[in-house]
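Chains as they are written, first to last, in the working numbering: chain A, 181 to 360; chain R, 14 to 173.
In what follows, a structure is listed as structure tokens, so that the remarks can point back to it.
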Amino acid sequence: MIEERLLVKNLQNESLKHSAFEMLVDAYKERLYWHIRRILLDHDDTDDVLQNTFIKCFENINSFKGNSKLYSWLYRIATNEALSFLRQKSRKLGIESSDYIDQKASQLESDVYFEGDAIETSLQKALASLPEKQRLVFNMKYFEEMKYEEISEILETSVGALKASYHHATTKIKEFLTEH
Amino acid sequence: MNEIPKNNPFKIPENYLEDFKVSLGEKKARSGFSAPDNYFDSFKVRLPEKEKESKPKVVRLFNSYKITAIAAAITILIAVPILINSNQSTVLDFEQLSFNEVDSYLRSTQTSFDNYELASNLPQGTSELDFLASNKSAIEDYIDLQIEEYSELNLFGNDY
């Protein structure tokens with residue numbers, strides 16, 4: 181894979197921008213898809229947000245100063261896009277975004293793009309009951325196996341606060357799974 | 014220490030090293046989600062048209078600051094008289110009309126009123142004498158003005 185610094189340089193060069201962008205999409209589409217999918221649960225919603233994420237990246241690449249890693253920047257855009265999508269969608273339905281996620285989680289068994297067994301389904305329902313930040317941190321730590329330092333750079337939260345969020349999340353999930 | 018044999022006492026199962034694989038893909042916890050077949054192979058970002066086409070650079074005749082300033086000036090010119098007028102009564106009183114305005118209106122429309130029409134426009138209960146008394150100075154002014162006009166035309170002179 182092309183070195184990140186060179187990729188950014190090419191993305192910020194008007195004549196090389198489009199070809200570099202194709203490389204960027206190829207390199208990150210799958211990882212970002214799963215990151216967004218775990219936030220939104222629904223494939224179609226995820227597809228919309230993944231599109232928006234890359235478009236935002238294309239439009240704003242010149243403002244990327246290299247203060248963080250490119251993948252952290254991309255993950256941050258993807259996370260923000262997913263959360264704002266969630267808020268817009270729930271606002272249109274006149275409900276809270278947590279209720280929207282609850283609804284999506286309760287429909288997982290009938291989702292053709294969900295192949296989870298009973299435990300995985302229960303885990304998603306437990307995750308849907310968590311506050312937004314704890315759900316994000318749990319997904320990134322447990323499923324995506326990111327380091328706290330990486331999550332910290334993406335969510336712009338201290339490592340200590342992330343550890344606390346993860347601890348609270350696992351405690352609540354255990355309680356949820358015991359009760360259900 | 015030198016008396017201890019250095020042979021490796023451990024053994025491994027047959028073909029263990031040949032069969033050894035690092036199962037990185039299976040390490041991560043499963044979330045149960047799946048994507049449509051070939052979704053990632055066929056995934057393309059649909060960039061907006063404006064991003065795809067390299068448009069020729071548009072040179073603006075006016076910059077946005079000038080346009081904003083002109084628009085603001087026009088708005089003020091239009092809005093200020095409207096605001097001033099809106100503070101005034103929109104119902105016109107007869108008293109607000111100047112004598113000359115009434116006079117020029119009557120002249121331009123060439124309206125002739127007979128006595129009955131004049132009387133019908135007077136306020137009820139007002140006698141002709143009262144009307145003349147209340148408008149005495151206006152009538153005198155009107156007559157003076159007419160005399161001046163006629164004098165200028167030499168209608169009273171003997172030159173013709």
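Where is the CB? At the ideal position from N, CA and C, for every residue including glycine.
Once the 5 residues before and after residue i are set aside, which same chain residues still bring their CB inside 7 Å of it?
i	result
L196(A)	N190
Can you find a CB in chain R that lies within less than 8 Å of the CB of residue i?
i	result
I257(A)	no
Y213(A)	yes
V205(A)	yes
R218(A)	yes
F234(A)	yes
T351(A)	no
K343(A)	no
T358(A)	no
F323(A)	yes
H223(A)	yes
Applying the 10 Å Cβ sphere with the 16-neighbour rule, what's the burial state of residue i?
i	result
H347(A)	exposed
E261(A)	buried
V188(A)	buried
T259(A)	buried
Y255(A)	buried
L96(R)	exposed
S345(A)	buried
S44(R)	buried
I89(R)	exposed
T226(A)	buried
Compare the C-beta of residue i with all C-beta atoms of chain A and state if any pair is closer than 8 Å.
i	result
L60(R)	yes
S55(R)	no
F23(R)	no
A86(R)	no
G38(R)	The pLDDT assigned to G38(R) is 45, lower than 50, so where the model puts this residue is not dependable; a value taken from the coordinates is nonetheless given after this. It does not; no Cβ of chain A falls within 8 Å.
A82(R)	no
A92(R)	no
P26(R)	no
Less than 8 Å between the beta carbons of residue i and residue j, yes or no?
i	j	result
L316(A)	I219(A)	yes
L288(A)	Q304(A)	yes
H291(A)	A308(A)	Here the sequence assigns Asp to residue 291(A), which means His is not the residue at that position. No, the Cβ-Cβ distance between D291(A) and A308(A) is not below 8 Å.
V339(A)	V58(R)	no
H223(A)	A82(R)	no
L310(A)	A349(A)	yes
L250(A)	T233(A)	no
K236(A)	F53(R)	no
Y322(A)	L342(A)	no
Y293(A)	F56(R)	no
F265(A)	F238(A)	no
What residues in its chain sit with their C-beta under 8 Å from that of residue i, if we drop five residues either side in the sequence?
i	result
H360(A)	S302, K305, A306
S270(A)	E276, S277, D279, Y280
In chain order, what residues of the same chain lie with their CB nearer than 6 Å to the CB of residue i, ignoring the 5 residues before and after it?
i	result
S248(A)	E333
S199(A)	none
Problem set entry | Complete alpha helix (DSSP H) runs within the stretch 295 to 343 of chain A (minimum length 4 residues, chain order) | Fully enclosed alpha helix (DSSP H) runs of 4 or longer: 298 to 308, 312 to 318, 328 to 335.
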